[in-house]
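Down below is the structure, laid out as structure tokens.
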Amino acid sequence: LRSNFMLVYSIVIICTTIKNCHGLALSTANIISYIEGQRCLFLPRSSPHKNNQVDQSPPIVILGGMAQTIASWEIHARTLSRDRDVLVYECLGQGPPPPVEYDHDVDLYEDVSLPTQAEKLQHTINKAFPHIEQVDIVGFSLGGRIAMAMCTTMMMNSTQNYCKIRRLHLTGVAAGRSLQGQIAVASWQDLLDHNNIRGFAWSALMSTYSPAFLVENQNKIQSWVQFIVDSNTSEGLHALSIQTQMSDEQDLWHTLQLAKFISTSDGVRRPEGIRLVVGEHDSMSPPTEAQKLQSEFNNNHGQQVDGNDVYVSLGVIENSGHAVPMEQGRLWRQDVLGFLDE
Numbered sequence: 530l531r532s533n534f535m536l537v538y539s540i541v542i543i544c545t546t547i548k549n550c551h552g553l554a555l556s557t558a559n560i561i562s563y564i565e566g567q568r569c570l571f572l573p574r575s576s577p578h579k580n581n582q583v584d585q586s587p588p589i590v591i592l593g594g595m596a597q598t599i600a601s602w603e604i605h606a607r608t609l610s611r612d613r614d615v616l617v618y619e620c621l622g623q624g625p626p627p628p629v630e631y632d633h634d635v636d637l638y639e640d641v642s643l644p645t646q647a648e649k650l651q652h653t654i655n656k657a658f659p660h661i662e663q664v665d666i667v668g669f670s671l672g673g674r675i676a677m678a679m680c681t682t683m684m685m686n687s688t689q690n691y692c693k694i695r696r697l698h699l700t701g702v703a704a705g706r707s708l709q710g711q712i713a714v715a716s717w718q719d720l721l722d723h724n725n726i727r728g729f730a731w732s733a734l735m736s737t738y739s740p741a742f743l744v745e746n747q748n749k750i751q752s753w754v755q756f757i758v759d760s761n762t763s764e765g766l767h768a769l770s771i772q773t774q775m776s777d778e779q780d781l782w783h784t785l786q787l788a789k790f791i792s793t794s795d796g797v798r799r800p801e802g803i804r805l806v807v808g809e810h811d812s813m814s815p816p817t818e819a820q821k822l823q824s825e826f827n828n829n830h831g832q833q834v835d836g837n838d839v840y841v842s843l844g845v846i847e848n849s850g851h852a853v854p855m856e857q858g859r860l861w862r863q864d865v866l867g868f869l870d871e
């Protein structure tokens, strides 16, 4: 993958260096590529050495929330790529529709369910990193649930006691939604039923950010709404809102069932570490629900990797709502790297 991207990456570096001289923000638009038909951004590590030794750290794959796109993760990706290759991935239903050459006269959003998302993500990672044994996945909200689904499907289908996921860092992923979160999702579904993507954008921002953050950034909210409208399709978001929201705790793809499978399956190598992170003021998937998910992982304990117990940890980030990576970006990146580098 590195060789496939380096020529384009080098051209962009030359262009953005000129922009930097004028104090303008870097743009990654020109190094976005399609892998298995999905929009991806690949950033090779800027420093191949750590402590004067060749760094063998696995790549990081970033999966965003429902209405997010690659651009939402641009700053995080550049920081995280100092010591690691980073791939930012847009799942089925996210972002703009693919170019014509990737549209094979099928309904792009007919099936964006978690098992289909997991299969698509697995194919993309295998294509992007064919010679890499394992990757670390950093998932936020929907992206975190897709990461759990992929881990489950890989373990279900493994014939070699092998899982390509080394570590999972999951933010805004919990055992269930609060009542306020359930109402928010219902409002999204209703708005998108009526093709009202702008109304959805307003509702999503009000639901995912903390009140204090919204007040502090009130002059930016209109531009954030416009970004969501311009960067996504109503059809894709509607499909995601319907097909990826699991309310039945007995559903195989509910987070509690995924956690149970990951933590209890015998004979298959599991991720060596899982970290849950939640915002102190998350009204969608509050800390109490994140604690329930942590308990589901750890109550089914006894699992070991290389002879060691795998304990799922939970971090609560103060002064943040659901969108921890956006509200408390520096603390969130510190948490990610601290966990992945353990």
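Just so we're on the same page, the working numbering is the position in the sequence shown counted from 1, plus 529.
In this text, a Cβ means the ideal position worked out from N, Cα and C, and glycines have one as well.
In the structure shown, residue 589 falls within a strand segment according to DSSP collapsed to helix, strand and coil. Rounded to the nearest angstrom, the Cβ distance from residue 588 to residue 664 is 5 Å, consistent with a contact under 8 Å. Contact between residue 616 and residue 569 holds: their C-beta atoms lie close to 6 Å from each other, under 8 Å. Pairing residue 821 with residue 730, the inter-Cα distance amounts to about 29 Å. When secondary structure is reduced to three states using DSSP, residue 680 falls in the helix class.
The C-beta distance from residue 644 to residue 753 rounds to 31 Å, too long to meet the 8 Å contact threshold. Residue range 842-846 is occupied by the beta strand (DSSP E) that includes residue 842, with no alpha helix (DSSP H) assigned at that position. When Cβ pairs closer than 8 Å are counted between the two stretches, the stretch 804-820 is seen to touch the stretch 700-711, the count reaching three or more.
Counting only runs that start and end inside the stretch 801-834, the alpha helix (DSSP H) elements of at least 4 residues fall at 816-828. Not a single unbroken stretch of the beta strand (DSSP E) spanning 3 or more residues falls wholly within the stretch 720-798. Counting along the chain, the unbroken alpha helix (DSSP H) around residue 864 starts and ends at 858-869. The C-alpha of residue 564 lies about 14 Å from the C-alpha of residue 599.
It is roughly 7 Å from the alpha-carbon of residue 762 to the alpha-carbon of residue 624. Within its own chain, the residues whose Cβ lies closer than 6 Å to the Cβ of residue 803, once the five positions on either side in sequence are excluded, are 697, 841, listed in chain order. The DSSP-derived three-state label of residue 653 is helix.
DSSP places residue 608 in the helix class (H, G or I) of the three-state scheme. DSSP, read as helix, strand or coil, puts residue 709 in helix.
Boundaries of the beta strand (DSSP E) around residue 696: 694-700.
Going by DSSP, residue 568 is part of the beta strand (DSSP E) stretching over 567-572.
Sixteen is the threshold: when 16 or more other Cβ atoms of the shown chains lie within 10 Å of the Cβ of residue 827, as they do, the residue is buried.
For the set 791, 607, 723, the Cα lying nearest the Cα of residue 682 is the one of 791. DSSP places residue 853 within a helical segment (H, G or I) once states are collapsed to three. Taking a 10 Å sphere around the C-beta of residue 649, we find 16 or more other C-beta atoms and assign the residue as buried. Residue 669 is not a Cβ neighbour of residue 622, given a cutoff of 7 Å. For residue 703, the closest alpha carbon among the candidates 736, 638, 724, 788 is that of 788.
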